[in-house]
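Sequence lines, in order, name chains A and B. Quick note on the working numbering: the first sequence kicks off at 2 and runs consecutively. Quick note on the working numbering: the second sequence kicks off at 2 and runs consecutively. Backbone N, C-alpha and C define an ideal beta-carbon position, used for all residues, glycine too. If you're wondering where the values come from, they're calculated on a predicted model, not measured in any experiment.
2 protein chains.
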Amino acid sequence: MKQNIYDNPLFFEKYISLRNSGVTYNDFVEQPAMKSVIPTLHGKLVLDLGCGAGHLARYCIENGASRVIGVDISKNMIEQANKENKHEKINYIRMPIEDLELPDYKFDLIISSLAVHYLEDYPTLVEKVSKLLNKGGVFLFSTEHPMVTARREKNNWIKDTEGNRLYYAVDHYQEEGKREEHWYVNGVIKYHRTVSTLLNTLINNGLILEKIIEPQSIPAGLEIMPKLIHEARKPSFMIIKASKT
Amino acid sequence: MKQNIYDNPLFFEKYISLRNSGVTYNDFVEQPAMKSVIPTLHGKLVLDLGCGAGHLARYCIENGASRVIGVDISKNMIEQANKENKHEKINYIRMPIEDLELPDYKFDLIISSLAVHYLEDYPTLVEKVSKLLNKGGVFLFSTEHPMVTARREKNNWIKDTEGNRLYYAVDHYQEEGKREEHWYVNGVIKYHRTVSTLLNTLINNGLILEKIIEPQSIPAGLEIMPKLIHEARKPSFMIIKASKT
Numbered sequence: 002m003k004q005n006i007y008d009n010p011l012f013f014e015k016y017i018s019l020r021n022s023g024v025t026y027n028d029f030v031e032q033p034a035m036k037s038v039i040p041t042l043h044g045k046l047v048l049d050l051g052c053g054a055g056h057l058a059r060y061c062i063e064n065g066a067s068r069v070i071g072v073d074i075s076k077n078m079i080e081q082a083n084k085e086n087k088h089e090k091i092n093y094i095r096m097p098i099e100d101l102e103l104p105d106y107k108f109d110l111i112i113s114s115l116a117v118h119y120l121e122d123y124p125t126l127v128e129k130v131s132k133l134l135n136k137g138g139v140f141l142f143s144t145e146h147p148m149v150t151a152r153r154e155k156n157n158w159i160k161d162t163e164g165n166r167l168y169y170a171v172d173h174y175q176e177e178g179k180r181e182e183h184w185y186v187n188g189v190i191k192y193h194r195t196v197s198t199l200l201n202t203l204i205n206n207g208l209i210l211e212k213i214i215e216p217q218s219i220p221a222g223l224e225i226m227p228k229l230i231h232e233a234r235k236p237s238f239m240i241i242k243a244s245k246t
Numbered sequence: 002m003k004q005n006i007y008d009n010p011l012f013f014e015k016y017i018s019l020r021n022s023g024v025t026y027n028d029f030v031e032q033p034a035m036k037s038v039i040p041t042l043h044g045k046l047v048l049d050l051g052c053g054a055g056h057l058a059r060y061c062i063e064n065g066a067s068r069v070i071g072v073d074i075s076k077n078m079i080e081q082a083n084k085e086n087k088h089e090k091i092n093y094i095r096m097p098i099e100d101l102e103l104p105d106y107k108f109d110l111i112i113s114s115l116a117v118h119y120l121e122d123y124p125t126l127v128e129k130v131s132k133l134l135n136k137g138g139v140f141l142f143s144t145e146h147p148m149v150t151a152r153r154e155k156n157n158w159i160k161d162t163e164g165n166r167l168y169y170a171v172d173h174y175q176e177e178g179k180r181e182e183h184w185y186v187n188g189v190i191k192y193h194r195t196v197s198t199l200l201n202t203l204i205n206n207g208l209i210l211e212k213i214i215e216p217q218s219i220p221a222g223l224e225i226m227p228k229l230i231h232e233a234r235k236p237s238f239m240i241i242k243a244s245k246t
């Protein structure tokens, strides 16, 4: 099943309002970490899988990429991208990542910010990515951390009666597959995969692991969103950079 | 501080009795996973870091290795190795892994079973290992899983009033360093490191990641030690295989 939660009107409204606030986990945790390891973009052809409203696509162009192709399943998101981050060097394509076929292209960089955990079939994605990369090309993606996706029940910060966070609950780690959670709306589906599956699938498809990041908040985030201090207690994201040999 | 808990008489007695029972996490979880990815041993020169009583050293010789050098800090363990697993092709050396200097050797395989989490200085270990490996040589080691070492408090299976395991508690993930626990005796010291530190340190020292395993129990283990079913809920170990370019 190809999930298109971002075309749920309620979800989309809440999500856009959150993203536009500039006060999110993306702004202070995930994006700074992604950008800290993004390779030199000058003259590069970039594919952005799950481009959303095009923030990262735009960032790539502003930092020298020659062209970005952004792909997203959501009509709402592609419309938003064409409104907020339109650029002559960016092509936004509305399509499920799973259906992507670009037989005439080879990319220098394939990026994907927090989309991989929505995809059911990770091995096929990685196989496709590997074929779409030039030799020496880089696959850089972020995903929810396996410690976060593991437990079937959600709201995994266990709290005392006064609401203080005691510790983070992990369970069902080796049972990969579908997890359902409430995030603005019911029935948001994510897919849990172990750290070893995330990494070995890349290795098995001819990619070399370059860097793994389990990011914490940047200092500015801790001031504006004090709860980000808990990112030091368990990571929310895993960022993986791999290159094609 | 170089820890030598295995020369504590009480600890050693309990530990040897446990290991000789043949009914341990090592027998059913960690060792099968290590052996499943051990490279061809025929004619190989092997270094075993934290060789303990020499079981793995002996296994390497029985599977074709030309010579094994086993290193362990513990006098008790080296004596045990010379009793139980003496072999003309094995040299057991009593020495802290941290003090190891073998300037005239290059190894085809460096293995280490559940010793790395006792070492305070992981980067220096990896630097040394990388220098001691032949080109194409393999570093294969197991360590306690970062999810297990993370929380400062131990006994992390949170249980209900009837003793059922509810979930596994993680905390303090990004605070690397010393953790103290009771394991037969008080004051057993282990060092917590994140997944990203474990892996990036290898990459930064010229090693290529080949495989990461978060093992579960083999079927025989589930019959003899039913509690190993909980290994599916959170992994106890991480096994990492990397090769020298």
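If you look at K107 of chain B, you'll find it isn't in any beta strand (DSSP E); DSSP assigns it neither H nor E. In the DSSP assignment, D49 of chain B is bridged to B:G71, B:I112.
If you draw a straight line from the Cα of G207 of chain B to the Cα of E163 of chain B, it is about 50 Å long. Contact fails between the region 102 to 111 of chain B and the region 78 to 93 of chain B, because fewer than three Cβ pairs, one in each stretch, are under 8 Å apart. At a Cβ-Cβ threshold of 8 Å, Q4 of chain A and Y168 of chain A do not count as neighbours.
Listed in chain order, the non-local C-beta contacts of L11 of chain B below 6 Å within the same chain comprise V186, local neighbours out to five positions each way being set aside. Look at the region 129 to 152 of chain A: the residues with a C-beta under 7 Å from a C-beta of chain B are M148, R152.
Separation of the CB atoms of S237 of chain B and H146 of chain B is rounded to 6 Å, and the pair is thereby assigned contact status at 8 Å. By the CB criterion at 8 Å, T246 of chain B and P124 of chain B fall outside the cutoff. For V171 of chain A, the nearest beta carbon of chain B is closer than 8 Å to its own beta carbon.
Chain B has a Cβ within less than 8 Å of the Cβ of P236 of chain A. Of all residues in the region 185 to 196 of chain A, only T195, V196 place a beta-carbon less than 7 Å from a beta-carbon of chain B. If you look at R95 of chain A, you'll find it in the beta strand (DSSP E) that goes 91 to 95. Among the residues of the region 206 to 225 of chain B, those with a Cβ less than 8 Å away from any Cβ of chain A are I209, L210, E211, K212, I213, I214, E215, Q217, in the order of the chain. In this structure, B:I39 is the residue among B:N83, B:K76, B:I39 with its C-alpha nearest to the C-alpha of G65 of chain B.
The three-state secondary structure of S18 of chain B, taken from DSSP, is helix. Closer than 8 Å to the CB of E121 of chain B there is not a single CB belonging to chain A. Nearest CB-CB separation between N92 of chain A and chain B: not below the 8 Å threshold. Burial is judged here by how many other beta carbons sit within 10 angstroms of a residue's own beta carbon; P220 of chain B has fewer than 16 and is exposed. Around the Cβ of N157 of chain B, a 10 Å sphere holds 16 or more other Cβ atoms; the residue is buried. Taken through DSSP and simplified to helix, strand or coil, K132 of chain A comes out as helix. At least one beta carbon of chain A lies nearer than 8 Å to the beta carbon of Q175 of chain B. Judged by DSSP in its simplified three-state form, K87 of chain A adopts coil rather than helix or strand.
Flagged as an interface residue toward chain B: A233 of chain A, by a C-beta distance shorter than 8 Å. Under the 8 Å criterion on CB atoms, N201 of chain B is classed as interfacial with respect to chain A.
B:M35 is the residue among B:D172, B:M35, B:Y7 whose C-alpha sits nearest the C-alpha of S218 of chain B.
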